[in-house]
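Start counting at 1 in the first sequence, then tack on 160, and there's your number in our numbering. In this text, a Cβ means the ideal position worked out from N, Cα and C, and glycines have one as well. Quick notes on the structure that follows.
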Amino acid sequence: MENENQEISLPTKYDPNAIEKGRYDFWVNGKFFEAKDDENKDPFTVVIPPPNVTGRLHLGHAWDTTLQDIITRVKRMQGYDVLWLPGMDHAGIATQAKVEAKLKEQGTSRYDLGREGFLQQAWDWKEEYADFIRQQWEKLGLGLDYSRERFTLDNGLSNAVREVFVTLYEKGLIYRGEYIINWDPATQTALSDIEVIYDDVQGHFYHMKYPLVDGSDEIQIATTRPETMLGDTAVAVHPEDDRYKHLIGKKVKLPIVGREIEIVADDYVDMEFGSGAVKITPAHDPNDFEIGNRHNLERVLVMNEDGSMNENAGKYQGMDRFACRKQLVKDLQEEGVLFNIEEHMHSVGHSERSGAVVEPYLSTQWFVNMQPLADASIELQKGDDKVNFVPDRFEKTYLNWMENIRDWCISRQLWWGHRIPAWYHKETGELYVGRDEPADPENWVQDEDVLDTWFSSALWPFSTMGWPDENNKDYNRYFPTDVLVTGYDIIFFWVSRMIFQSIEFTDRRPFEDVLIHGLVRDADGRKMSKSLGNGVDPMDVIDKYGADSLRYFLATGSTPGQDLRFQWEKVEATWNFANKIWNASRFALMNMDGIKYEEIDLSGKKSLADQWILTRLNETIEHVTRNVDKYEFGEAGRHLYNFIWDEFCDWYIEMAKLPLYGEDEAEKKTTRSILAYVLDQTMRMLHPFMPFITEEIWQALPTKGESITVAKWPEVRNDLHNEQASEEMKRLVDIIRSVRNIRAEVDTPMSKQIQLMIKAKDDEVAEQLNNNRHYLERFCNPSELTIDPNLQAPEKAMSSVITGAELYLPLEGLIDIQEEVARLEKVWKKWDDEVKLVQKKLSNDKFVNKAPEHIVQAERDKEQDYLDKRDKVETRINELKS
RNA sequence: GGAGGAUUAGCUCAGUUGGGAGAGCACUUGCCUUACAAGCAAGGGGUCACUGGUUCGAGCCCAGUAUCCUCCA
């Protein structure tokens, strides 16, 4: 007995925490999110961009995954066999840094533990944080297929990585070589080009002079990194530079060091810049390295891997690079070598991970020869099977990078990652690269380095599906994937690399579409960062306003490709929306009288409001479906918002109260049916955006099915469409608004009854209005309601003209004739302006002749309407004046 | 230096094949109407950055200018 009316005791306020609790378990236990391998359905696949196992998810993750969740939930409801594959990334440098920090706190280090011991620690870390991330996915309500969760370091993926490395090596696309790479002295590993962030830094330009060995002259050079002079092996000038032509081939004596180095000619040198002479340090600068190659220069490395100076730095050995710079500058000044220091703004590379100043450093590393792979990627974009970037402008960003591709340094001096499958023979030094270790492992030593994390991420769309086993069921069914969702900040890091690896190894694009979104910024438009302390934890937002509010805000807060500012007020506004939905449903449930799904009957005699809301529902279904298909979630969300709040709540529910509170059982049943039906359909459309509240409401409503997650996506029902009803409804709303307006004008609240007289244009309109006079009675609260085409306008009354009718509100005592005339004159002016505007258009022959027929006709209709209104207002003014 | 984005109401942003500018928040006024006062009703507020061009018609298309922001070199 108590349970029967349980819904009536629903709290008046929407409490997200109460609703969201336990719902995810219901979904996961029901296996609603698992791909079904159902041959009767088309597959639809998305792979999650695997978050780093380093820590918490941020708002960017929440945004990215919400978009994917919306896409996959819609597709699931539209009848696809959906696979949304979850997983995480081992994040080499980032994770290793965290684990090392933890070890340091414990007073130990990776060197104490050894490689095996350290890796065990890292795996423990991974397990802990993987759990943490899954909990966050749960709170966000993501419909992930956990039965297929993958990790970049698991056996299958490691296998794929090895296969790719060895194959590329065998094809000559991976090579080992000595090059200038970006060295991070803090983490002591190589970085790829895109892991270096360039910042403009206020530094100095140090001007020095090197004396010629024969003492005949000196040559001026300048540098921003004076400590590298210790490794100078030449000075270069432009071959055409008349100032220096006579010095080419001569030698200068390197100050401090005492080494004799040659003056070489190279047209790389810019004659206009500085003195026109450049010091050359092949081991510490990429351009100098190239010049060194051309002139067979010695490469003198003066730094250790930790950024301290090495034995080649002479008396500076052991000093940190920056301390050395300071001391060296002092010494050079004393010797008179360094004669000027200039303030200088220049761009300095910093490690994306550690923030340390990156050192261009000579080192032996593994590289991918990118040109052939990039060529194939560019070629792909010329065909029908290209990757569709959304918005498409990002294709240019992508292609531009591919067209200016540089070789990819893939080795990292870390322990946490895929160890490079290369071995060196202990005796002969012979190199062996293979899928398996050498047959006689005791004679070989494996390369110490691991691969760049992105090397494994690049394989994610197919390595997660069982590749390289090309007979794998998932690989055959779910690959290529349908859409990838990610931020524009990792187009180069990840999107590009997935594309070229996929082409190379599967001969297909990895995904049909790439939906690119922006960055989440703070309310002031700044990037969220640890140093600024302006980050917002999505879990805090959820705790306060619920996952549904956060998700709706993220999904509708911007347009594709644009950044998104996080504002608490907006999340709160979304909560208000959820609360509105909650209360509308509460109202419906309270008046449903326990109607069962089977009892829902839309065939009964429908009221104007019924017909209208069903028509609007159709239109909303059309708009939402179309926009969701285009990834225009903002537009889709707005259509839902407006439909639910402005139409369903503000008008339909209010109008439905008439039959619901009345006596006619048939009317009640139809109204209940329509309330249930419209809410059911609306909840389905809103579900991908706000999964929790919609499931809660849907379960409470008379609906059929186990869960809204697997309910069918709404479709337009032509049998429930009625344009005529929409027009009649519009007139009714016009009248009600006009009356409210006049009431406000004369300070007469709704509670006070007024007399309402409506002069309909003709009998037809009069009949329509009469058929719906119960609505006018409810919303206008008239003491007396007259609807008559032949109405005699009363003298003392407020009036209003709408399309097809005139309204009069005799308000003796409240009405000031002069004020009313002044008010009407404003109204007249408004209509007169409209008339002039439209007539100007219509008097333009070019418009009439060239514009489409329906546009011209619409203008003619408007002209009639405005003229009619203006004249009626004019007549009224004259009546009042006389 | 190259590429891209932004510029619309006080603030944050929509505006999708070019056909009379919208939302949320904020503001003003009136309402405790039995779903919701975190609500309801009414209202104020914009030379759509600027200058040209295309067009019968431009917030939208084209060219240029200004300011801001990103990416690449």
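In chain order, what residues of the same chain have a beta carbon less than 6 Å from the beta carbon of residue i, not counting five sequence neighbours either side?
i	result
Gln296	Leu217
Glu309	Pro246 and Gly247
Arg776	Glu807
Phe652	Ile354 and Trp561
Ile676	Phe554, Tyr648 and Gly721
Arg579	Val610
Asn212	Asp249, Ala251 and Ala254
Leu263	Ser269
His504	Gly363, His364 and Phe365
Assuming residue i and residue j make a contact with CB atoms under 8 Å, what is their CB distance in whole Å?
i	j	result
Thr393	His364	That pair is no contact at about 23 Å.
Ala254	Arg513	6 Å
Pro942	Gln913	6 Å
Val462	Leu390	4 Å
Pro442	Gly452	3 Å
Val998	Glu1013	At roughly 16 Å, the Cβ-Cβ gap does not stay under 8 Å, so Val998 and Glu1013 are not in contact.
Asp609	Gln573	6 Å
Ser617	Thr312	6 Å
Tyr476	Gly301	With a Cβ gap of about 59 Å, Tyr476 and Gly301 do not count as contacting.
Asp612	Ile570	5 Å
Ile975	Lys956	6 Å
Gly303	Thr734	No, Gly303 and Thr734 are not in contact; Cβ-Cβ is about 20 Å, not under 8 Å.
Leu774	Glu888	Not confirmed; about 14 Å, so no contact.
Thr830	Asp753	That belief does not hold up - the Cβ atoms of Thr830 and Asp753 are roughly 13 Å apart, past 8 Å.
Buried or exposed: residue i, going by 16 or more other Cβ atoms within 10 Å of its Cβ?
i	result
Val497	buried
Thr785	buried
Asn751	buried
Trp654	buried
Gln362	exposed
Pro884	Note that residue 884 is Gln in the sequence shown here, rather than Pro. Exposed is the call here.
Ser763	exposed
Pro909	exposed
Thr588	exposed
Cys698	The question names Cys, but residue 698 in the sequence shown is Pro. Pro698 should be labelled buried.
Ser376	exposed
Glu164	With a pLDDT of only 37 at Glu164, under the threshold of 50, the placement of this residue in the model should not be trusted; the figure read from the coordinates follows. Glu164 comes out exposed.
Lys486	exposed
Ser1003	exposed
Val373	exposed
Gly409	exposed
Quick one: residues in its chain with C-beta nearer than 8 Å to the C-beta of residue i, no 5 flanking neighbours on either side, listed in chain order?
i	result
Gly1111	Lying outside 161 to 1042, the shown extent of the chain, residue 1111 is not represented and no answer is given.
Trp627	Ala320, Leu619, Tyr635, Phe639, Phe665 and Thr666
Arg891	Val925, Gln928, Leu929, Ile962, Thr963, Gly964 and Ala965
Apart from the five residues just before and just after residue i, which ones in its own chain have a Cβ nearer than 7 Å to its Cβ?
i	result
Gly797	Tyr712, Ala715, Thr716 and Phe849
Met625	Asn632, Asp634, Tyr635, Tyr638 and Phe639
Lys152	Residue numbering for the chain in the displayed model covers 161 to 1042; residue 152 lies beyond these limits and cannot be assessed.
Glu614	For the record, residue 614 in the displayed sequence is Trp; it is not Glu. Phe653, Trp654 and Arg657.
Leu1073	The first residue shown for the chain is 161 and the last is 1042, placing residue 1073 beyond what the model contains.
Ala350	Ile341, Asn342, Trp343, Ser523, Gln525, Cys569, Ser571, Arg572 and Gln573
Val460	Gly391, Thr393, Ala443 and Asn472
Q.
With a threshold of 8 Å, are at least 3 pairs of Cβ atoms found where one atom belongs to the stretch 588–602 and the other to the stretch 634–653?
A. Per the Cβ contact rule, the stretch 588–602 is not in contact with the stretch 634–653 (fewer than 3 Cβ pairs under 8 Å).
**Q.** alpha helix (DSSP H) segments (min. 4 residues) lying fully within the stretch 684–761
**A.** The stretch 684–761 contains these whole alpha helix (DSSP H) runs: 698–705, 707–716 and 728–750.
Q | Contained alpha helix (DSSP H) runs [length at least 4] in the stretch 470–497, N- to C-terminal order | A | List check, alpha helix (DSSP H) in window: 481–495.
**Q.** Segments assigned beta strand (DSSP E), at least 3 residues, entirely inside the stretch 341–403
**A.** With a minimum length of 3 residues, the continuous beta strand (DSSP E) runs that stay inside the stretch 341–403 are 349–351, 356–371, 378–383 and 394–397.
Q | Runs of beta strand (DSSP E) lying entirely within the stretch 401–446, each at least 3 residues, in chain order | A | If only uninterrupted beta strand (DSSP E) runs of at least 3 residues are considered, those enclosed by the stretch 401–446 are 411–413, 420–425 and 437–440.
Q) Pairing CB atoms from the stretch 286–301 with CB atoms from the stretch 519–536, are three or more of them under 8 Å? A) No, they do not touch.
Q: Count the C-beta pairs between the stretch 917–934 and the stretch 947–958 that are closer than 8 Å, then say yes if the count reaches three, no if not.
A: Enough Cβ pairs lie closer than 8 Å, so yes.
Q: Just list the alpha helix (DSSP H) runs in the stretch 779–841, keeping only unbroken ones of 4 residues or longer that don't cross its boundaries, in chain order.
A: Runs of the alpha helix (DSSP H) inside the stretch 779–841: 793–802 and 814–820.
Q: Give a yes or no on contact between the stretch 705–725 and the stretch 817–826, applying the rule of three or more CB pairs nearer than 8 Å.
A: The answer is no - the stretch 817–826 does not touch the stretch 705–725, with fewer than three Cβ pairs under 8 Å.
Q: Would you be able to state if there are at least three C-beta pairs under 8 Å between the stretch 325–332 and the stretch 461–475?
A: Using a Cβ-Cβ distance cut-off of 8 Å, the stretch 461–475 and the stretch 325–332 are not in contact, since fewer than three pairs of beta carbons, one from each stretch, lie closer than that value.
Q. Three or more beta-carbon pairs under 8 Å between the stretch 990–997 and the stretch 1018–1028, yes or no?
A. They touch, by the three-pair rule.
Q) Is it true that the stretch 349–361 meets the stretch 535–550, where meeting means three or more beta-carbon pairs spaced less than 8 Å apart? A) As far as the Cβ criterion goes, the stretch 349–361 does not touch the stretch 535–550, which means the pair count is below three.
Q) Is the stretch 184–199 close to the stretch 275–288, with three or more CB pairs under 8 Å? A) The answer is no - the stretch 275–288 does not touch the stretch 184–199, with fewer than three Cβ pairs under 8 Å.
Q) Is there contact between the stretch 961–975 and the stretch 884–902, where contact requires at least three CB pairs shorter than 8 Å? A) Counting Cβ pairs under 8 Å, three or more are found: they touch.
Q) How about the stretch 800–815 and the stretch 737–748: do they share at least three Cβ pairs that are nearer than 8 Å? A) Touching, yes.
Q: Report the residue ranges of all alpha helix (DSSP H) runs contained in full by the stretch 528–589; include only those spanning at least 4 residues, in chain order.
A: The stretch 528–589 contains these whole alpha helix (DSSP H) runs: 531–540 and 553–563.
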